Amino acid sequence: MQKKVFQLLVDNNPGTLSRISGLFSRRGYNIESITAGTTADPRFTRITIVASGDDVILEQIEKQVRKLVDVRDIHELLPKDSVYRELALVKVKAEADKRQSILATANIFRGNIVDVSIDSVIIEITGSQSKVDAFLKLLEGYEILELARTGIAGLGRGTDNVIYLDE
Amino acid sequence: MIGAQAIVKCLQCENTEVIFGYSGVAIDPFWNEMLKTDIKKVLIRTEQNAAHCASGYARVSGKVGVCAVTSGPGATNLITGIATAYADSIPLVAITGQVNSDMIGSDVFQEADITGAVESFVKYSYLVRNVEDIPRIFKEAFYIAGSGRKGPVLIDIPFDVQTAEFSGKFSYPETISMRTYKPTVNGNIVQIKKVIKEVEKAKRPIICVGGGVHLSAAEDEIVRFAEINDVPVVSTMMGIGVMPTDHPLYFGMVGNNGQAYANRAMNESDLLLMVGARVADRAVNRPDLITENKVMVHIDVDPAEIGKNVGPTIPLVGDIKHIFEDFLEQDDHNDNHDDWVKLLKEYKKEMQVERKPAGAAYVDPQIFINKLSDAVDRDAIYVADVGQNQMWSCSYYKVKEGRFLTSGGMGTMGYSIPAAMGAKLADSKKQVLAVIGDGAFQMSMMELATMRQYDIPVKIVVMKNGYLGMVREHQHFAYDDNYSMVELSGDPDLSLIAAAYGMGYMKVDGNSDIDGSLIEFLKDDKAFLMEVVVDPMALTR
């Protein structure tokens, strides 16, 4: 089993996202995360999918997704040529005696405190998936009350693989 | 002009000749506008069969088949027909009525999310929100259905969109501008030259043809290529009829239900051209064998099929007709593979399975279908249903210049009668036969009324054994004759069914009756029901 990050550019039609996720579920492909948002051109949506499987499956994923009528482009974002980022919001139990050490940990990871209450804080952290994982591991000593991760969004580095939206 | 009128205009622009369907309030504006056209309307008796009729029509005419039904249950009934077409890559445009736009999502009467429900069985679907989009959507739908790897496209049109005033001037787009959908037509010339080299080098080449060859109308090109290069041909179930059965280079159907010598020929080849076949489980149950010790070339219009079930040595994506035209142009060799062809002929002789003929109380399926092949017109269209009758048809029907149609991918029982009706409407001069078991007949016999209403004379053979024979055969081997849910003891008297629908009828219950009965069966171009009594315990081989 290996993981691949795919970047898709799709027409912003009704049902496009469900067509893509439906393809994954009916063909039994594993989706680790999926993020979607409109691009600079509102006619298009960019989707980042992290999928796992063996070589044959990963090749099929690329081919089957490319076949969908709404999909304009799909390609792999190779780690060495790309930037991946994930955002996580973590609500941690933070009574007065633990708050300082939690804040210090967040600081090391350049996390932002976005909400504080009497006995909890919400930390926002952005970075590669491994950075987010490492941060969460450090928080294991405390009590994580709630966690929301976005899954990764990615872009290729440089201008080499910019897709021009109009022919 | 209203939306419904615009739809009809689109169909006229696509030269639609016939449309199969069912009515209902949500599709009524459309049927009302259809009154004013010459397009033939066929009211089928259950919606599933509208898609099967359109499928038979599409396969014989080479055009996109069209069907239209109402919202809710009309649309959901259509799904099996759409899925059947999808599995065999048959081009259809299915139109469904939908409840008013502002009601969608509130579970009103006869509302079903049909675009959501058929998502996994269509190439694409549309929910029309704006009446002005109708011309573009229809143009795209017909284009998507009939190009690349063909398949069904569904257009769901709310009632209020059908009745809305079309404000602009109607103009049907002449060209398609889709940013995302661009199927490959021409094969890569470097790959084509590579394949030609391999053909020249090969000592034991073979071509395996699939349904894609029919869909690309590339039968002639392939036969010519095989003849020029002296390359034997085998076929999948969907590829039956690409080459005439008695062609000296043809060596039968591959697969679990095919001929052992056809499988052996494929496995022992040193070059295999897999053409328009997706290497599915029933055709190739051990993909490793067809890549072992050989060069395997996979030619398909759908890049996703290449490498899905088997990893080829040389992939070649494109339309088969174009690719074989290029082969014929590039290839200036007349190869000779006498020894190989001779060897395959020996295999065929040695490995031909002798069936034990049925007892006197029954008709032997092999003898019957052999004789039927000889009795029908050379260019007859033969539609085989699903089950034991299908396996017998595949093994014993001899295609000459006609077609052999069946539901291969989905194996949908009850396909043959409606598909034969569609085929007959596509080419009324041809003799059209539906060969079906008594199980599937009872799934589709309501269409005898449609045949009578529109005078669509299909010749029907019901192979009656009082069982769901294919599954009975499976239970015979897998469950030691413990039969469960396969006995059809309530079968109707078929002579009365035929009489009820005003059809000619005849029963054949012994081999000695076959010849005379076939003369009567085929003597004119009228609908006819022939009941052929086969041994309930007969096996497919």
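Listed in order, the protein sequences are those of chains A and B.
Sequential numbering of the first sequence, starting at 48, is according to my numbering.
Sequential numbering of the second sequence, starting at 1260, is according to my numbering.
Cβ coordinates follow ideal geometry from the N, Cα and C atoms, glycine included.
Just so you know, these numbers come straight off a predicted model, no measurement behind them.
{"Check": "Burial state of Ala1265/B (16 or more Cβ within 10 Å)", "Outcome": "buried"}
{"Check": "First through last residue of the alpha helix (DSSP H) which encompasses Ser65/A", "Outcome": "63 to 73"}
{"Check": "Ser1322/B burial status per 10 Å Cβ neighbour count (16 or more: buried)", "Outcome": "The sequence shown places Lys at residue 1322/B, rather than the Ser named in the question. Classification of Lys1322/B: buried, given that the 10 Å Cβ count is 16 or more."}
{"Check": "Interface partners of Lys1382/B on chain A, CB under 8 Å", "Outcome": "Val116"}
{"Check": "Proximity test, Cβ basis, 8 Å: Lys1567/B and chain A", "Outcome": "yes"}
{"Check": "Rounded straight-line distance, which links the Cα of Arg1438/B to that of Glu214/A", "Outcome": "For Glu214/A, the pLDDT reaches just 45, beneath the cut-off of 50, and the residue's location in the model is therefore unreliable, although a value from the coordinates is still provided. So the alpha carbons of these two residues sit roughly 9 Å apart."}
{"Check": "Closer than 7 Å: Gly1728/B CB and nearest the ligand NAD heavy atom", "Outcome": "Here there are no bound small molecules, and the ligand NAD is not part of this structure."}
{"Check": "Leu1508/B - DSSP class collapsed to helix/strand/coil", "Outcome": "coil"}
{"Check": "Cβ shell of Ala1768/B (< 6 Å), same chain only, five flanking positions each side left out", "Outcome": "A quick correction: the sequence has Asp, not Ala, at residue 1768/B. Once the five neighbours on either side are set aside, the close Cβ partners of Asp1768/B are Val1792."}
{"Check": "Backbone CA spacing between Gln1611/B and Tyr1520/B [nearest angstrom]", "Outcome": "7 Å"}
{"Check": "Outcome for His1596/B when other beta-carbon atoms lying within 10 angstroms are tallied against a minimum of 16", "Outcome": "buried"}
{"Check": "Delimiting residues of the beta strand (DSSP E) encompassing Asp1597/B", "Outcome": "Looking at the DSSP string, Asp1597/B is not in any beta strand (DSSP E); the run it does join, the alpha helix (DSSP H), is 1597 to 1610."}
{"Check": "Top-ranked residue by Cα proximity to Ser1475/B, from Ile1549/B, Val1600/B, Ile1558/B, Ala1685/B", "Outcome": "Ile1558/B"}
{"Check": "Among Asp1287/B, Gly1535/B, Val1493/B, the one whose alpha carbon lies nearest that of Asn1526/B", "Outcome": "Val1493/B"}
{"Check": "Nearest neighbour of Ser129/A, chosen from Glu79/A, Gln49/A, Ala200/A, Leu183/A [CA to CA]", "Outcome": "Ala200/A"}
{"Check": "Inter-residue spacing [alpha-carbon to alpha-carbon] between Asp1783/B and Phe1418/B", "Outcome": "45 Å"}
{"Check": "For Gly203/A and Gly164/A, the rounded distance between their alpha carbons", "Outcome": "The sequence shown places Ser at residue 164/A, not Gly. Their backbone Cα atoms lie some 39 Å apart in a straight line."}
{"Check": "Residue interval of the beta strand (DSSP E) (run including Asn159/A)", "Outcome": "159 to 163"}
{"Check": "Interface residues of the segment 53 to 67 of chain A facing chain B [CB-CB below 8 Å]", "Outcome": "Val57, Asp58, Pro61, Gly62, Ser65, Arg66"}
{"Check": "With 16 other Cβ atoms within 10 Å as the buried cut-off, status of Ala1679/B", "Outcome": "buried"}
{"Check": "Enclosing alpha helix (DSSP H) for Ala1519/B [first to last residue]", "Outcome": "1519 to 1527"}
{"Check": "Run of the alpha helix (DSSP H) containing Gly1668/B, from where it starts to where it stops", "Outcome": "Unbroken run through Gly1668/B: none, as it is neither H nor E."}
{"Check": "Beta carbon proximity, Glu123/A to chain B, threshold 8 Å", "Outcome": "no"}
{"Check": "CA nearest to the CA of Leu105/A, picked from Leu124/A, Phe91/A, Ala87/A, Lys145/A", "Outcome": "Leu124/A"}
{"Check": "Under 7 Å by beta carbon: chain A residues contacting Glu1378/B", "Outcome": "Arg66, Gly69"}
{"Check": "Beta-carbon proximity check, Met1729/B vs Met1702/B, cutoff 8 Å", "Outcome": "no"}
{"Check": "Check whether Val1319/B and Arg1637/B have beta carbons under 8 Å apart", "Outcome": "no"}
{"Check": "Short-range partners of chain A found in the segment 1430 to 1457 of chain B, where Cβ spacing is below 8 Å", "Outcome": "Met1437, Arg1438, Thr1439, Tyr1440"}
{"Check": "Assumed close pair Met1722/B, Gly1696/B - CB separation to whole angstroms, cut-off 8 Å", "Outcome": "5 Å"}
{"Check": "Contact list for Ile1403/B against chain A, beta-carbon separation under 8 Å", "Outcome": "Val116"}
{"Check": "C-alpha gap between Phe1279/B and Ile1354/B, whole angstroms", "Outcome": "10 Å"}
{"Check": "Within-8 Å CB hit, Ala1693/B to chain A", "Outcome": "no"}
{"Check": "Three-state secondary structure assigned by DSSP to Phe1401/B", "Outcome": "helix"}
{"Check": "Members of the segment 123 to 138 of chain A near chain B, C-beta cut-off 7 Å", "Outcome": "none"}
{"Check": "Paired residues, beta bridge with His122/A - DSSP", "Outcome": "Gln54/A"}
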